[in-house]
Amino acid sequence: MHLFGEEEVQRMEILAIQEPEVYGFGDAGSLMTTYSQALSGTFHVLLRPTLVGDGEDGKPRVCFYVNKKIDPKTWSVKHHSRDLSTLTVRTALGAMDIHNVYVPSKVGVAPADRARVSAAIRESLTVLRAALHRGRLGRQVVIGDFNLHHPLWSTCRQARLQDADADELIGISGDHGLELLTERGMVTYDGNVFGHDVESTIDLTWASTALAERMVRCDAQRRWLFAADHLPVLTELDLRWDAAPVRELKKWKEADWDTWGTSIAQTAWPKSINTQPDVDAAVQYFLDALNDASQGTVPIIKLCQRSKPGYTADLKPLRQQVNQARRWARSGDPADVERFQRIRHELGRESKKVARSAHRERVAQATKDIQGFWRLSKWPRTRGTPRSTHTPTLQADGIEYSTAAGKADILRKTLFPPAPLANTRDIDARGGRYPAPHRTPPITPREIRNTIERSAPNKAPGPDGIPNLALKLSE
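Quick note: the sequence shown, position 421, residue 421 per the UniProt record's numbering, numbers continuous.
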């Protein structure tokens, strides 16, 4: 996991991992769809859903990390097996498929298990061939831990360990127009096998011709080798992807309410409201007036992966001082180091005060009703448990839904189906009659004021983005 602490790794768009550390959460029999949230939650973890009861034989051996700065509506993932997953990403060149593969190793396998491992290797290559056949012709990348040796990518010393299954892999690449991006003899494994230090080339990268022409580099990063035997391989392609939309949030609690009230008081409200269209127009006019009043009076922040709940503007100057002191402390001067430690401790104390105040405020807000008590009791039990940020592929009526739009549509149809038609044949047969409907009395201004006064001021706003606090102060 030390690899993920590298700042350069944290800026990458896609990470393809083989043999990940998989942990299950929840009771026995529940779906294991999450992975420990590495990289400070800045990546989507795409792991094949697995039943906890399946044990070690069911755990996936490949997974993807997709940076959250890529628009999630532009990519989808398909898990073919525990050893192969395909990530489809939309780029300026068009949609491309990235196949993440793991081929079992024969090293250290007992004689009784060799037939089983050989069958697993052939199965992995067969599934890969099928995935490439269904993929996008001319825009495919294959990357993974193949555990195979061949003179095409191995050095002369390694070529003596040539595997028969390597010929099948070469045939698959030739049938689908893939070029080998891995340089021949590039060390991707540096470990100890049966007491001997071994260097070999078993982590390979293949790409279609159109993508191979856009390759910037494909090399092993030995500087990222943290007590591991496989060297991370960095593959860079000259491609552009769609960035995730920037999320903006209005901080209503820090609004300038005096200026807000002055702007609202100067608004000319419609006088004549007699028909339903007049009511709709008046409501829209009111919402537009509130949004206009918020311009310049309500601070706007841009949310990113590093945004922290409860972080206030009062901590920003102190954070800037810490960053400045850290740069000065790199000189090694004892006075600069002591100043950096003092300011950093001060920032820690102030951050704890802000976090404690925000927590007490959330608890006070949540315990105003019985539903809030239940939500609050659930929080300590689930606190710190990693949660998946990606909805896995859904299936309904034999159809798979892997895109964001497809998942949203099938969930809407499943969770909110159309209401069934009422069977009124028995009523019609008896000649049933309905009484005349009662007319609903008009809503008075007093009822509206009472409803606004009883509303929670800091409750999450609706689609209009205006909280109840603004309505209370606009009365």
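Glycine residues also receive a C-beta, built at the ideal position from the N, C-alpha and C atoms. Note that the structure is a prediction, hence the values are computed from the model and not measured.
- Quick one: Cα of Gly188 to Cα of Glu199, how far? First, the amino acid is wrong: residue 188 is Thr here, not Gly. Cα-Cα distance, rounded: 7 Å.
- Count the other CB atoms within 10 Å of the CB of Thr50; is the residue buried (16 or more) or exposed (fewer)? buried
- Query: At least one CB of chain D closer than 7 Å to the CB of Thr259: is that the case?
  - Reply: The question asks about chain D, but that chain is absent: this structure has only one protein chain.
- Can you give me the Cβ contacts of Lys378 inside the same chain, cut-off strictly under 6 Å, excluding the 5 residues immediately before and after it? Excluding residues within five positions, none has a Cβ falling inside 6 Å.
- Message: Run through the DSSP bridge pairs and tell me what Trp75 is partnered with.
- Response: Val89.
- Query: Hey, Asp242 and Asp71 are a contact pair by Cβ (cut 8 Å); roughly how many whole angstroms apart?
  - Reply: 4 Å
- His176: first and last residue of the uninterrupted beta strand (DSSP E) it sits in: Counting along the chain, His176 falls outside any beta strand (DSSP E), and DSSP gives it neither H nor E.
- 8 Å contact criterion, which Trp75 and Thr86 should meet: CB distance rounded: Incorrect: roughly 11 Å between the Cβ atoms, too far for contact.
- Touch test, the region 271 to 280 against the region 248 to 259, Cβ-Cβ under 8 Å, three pairs minimum: no
- Let me know the secondary structure DSSP gives Arg136 once reduced to three states. coil
- Backbone CA spacing between residue 509 and Asp464 [nearest angstrom]: Residue 509 lies beyond the stretch modelled for the chain, which goes from 1 to 475, so this question has no answer here.
- Task: Report yes if the C-beta distance between Arg184 and Trp153 is below 7 Å; otherwise report no.
- Result: In contact: Arg184 and Trp153 (Cβ atoms closer than 7 Å).
- Item | Expected contact under 8 Å - CB spacing of Asp83 and Gln140 to nearest Å | About 17 Å; that fails the 8 Å criterion.
- Message: According to DSSP, simplified to helix, strand and coil, what is Ala110?
- Response: coil
- Message: Assuming the contact rule is C-beta atoms closer than 8 Å, Leu148 and Leu239 should be a hit. Round their C-beta distance to whole Å, please.
- Response: Wrong, their Cβ atoms sit about 28 Å apart, outside the cutoff.
- Comparing alpha-carbon positions, which option in Thr42, Pro111 and Ala470 lies nearest Asp292? Ala470
- Message: Does the structure place the region 213 to 228 close enough to the region 279 to 292 that three or more beta carbon pairs sit under 8 Å?
- Response: no
- So what does DSSP say about Phe43, is it helix, strand or coil? If DSSP states are grouped into helix, strand and coil, Phe43 belongs with the strands.
- Message: Do Tyr102 and Arg61 have their beta-carbon atoms positioned less than 7 Å apart in this structure?
- Response: yes
- Query: In the DSSP assignment, what residue or residues form a beta bridge with Arg217?
  - Reply: Glu236
- Message: When you compare the region 166 to 173 with the region 107 to 120, are there three or more beta-carbon pairs, one atom per stretch, that lie closer than 8 Å?
- Response: The region 166 to 173 vs the region 107 to 120: no contact.
- Item | Distance between beta carbons of His390 and Leu181, contact taken as under 8 Å | Wrong, their Cβ atoms sit about 27 Å apart, outside the cutoff.
- Query: So the alpha helix (DSSP H) Val279 belongs to, where does it begin and stop?
  - Reply: Gln276 to Ser294
- Item | Runs of alpha helix (DSSP H) lying entirely within the region 325 to 358, each at least 4 residues, in chain order | none
- Check whether the Cβ atoms of Ala95 and Arg136 sit closer than 7 Å, and answer yes or no. Yes, Cβ-Cβ distance for Ala95 and Arg136 is below 7 Å.
- So, helix, strand or coil for Ala243, using DSSP? strand
- Message: Within 10 Å of its beta-carbon, does Asp77 have 16 or more other beta-carbons around it, so buried, or fewer, so exposed?
- Response: Looking at the sequence provided, one finds Val at residue 77 rather than Asp. Label assigned to Val77: buried.
- Message: Is the separation between the beta-carbon of Ala212 and that of Gly138 shorter than 7 Å?
- Response: No, the pair does not count as a contact, with Cβ atoms beyond the cut-off.
- Message: Using 7 Å as the threshold, is the C-beta distance between Glu248 and Arg217 below it?
- Response: no
- Given Ser81, which residues of its chain have a CB within under 7 Å of its CB, disregarding the five upstream and five downstream residues? Only Val127 meet the Cβ criterion.
- What does Thr205 pair with, by DSSP beta-bridge criteria? Ile143
- Under a Cβ-count criterion, where at least 16 other Cβ atoms within 10 Å of its own Cβ denotes burial, should Asn468 be classed as buried or exposed? buried
- Residue burial classification, Pro232 (beta-carbon count within 10 angstroms, cutoff 16): buried
- Task: Would you list the residues sitting across from Phe64 in a DSSP beta bridge?
- Result: Ala16 and Leu46
- Task: Taking the CB atoms as reference points, tell me whether Lys68 and Thr91 lie closer together than 7 Å.
- Result: no
- What are the boundary residues of the beta strand (DSSP E) that includes Asp190? Tyr189 to Val193
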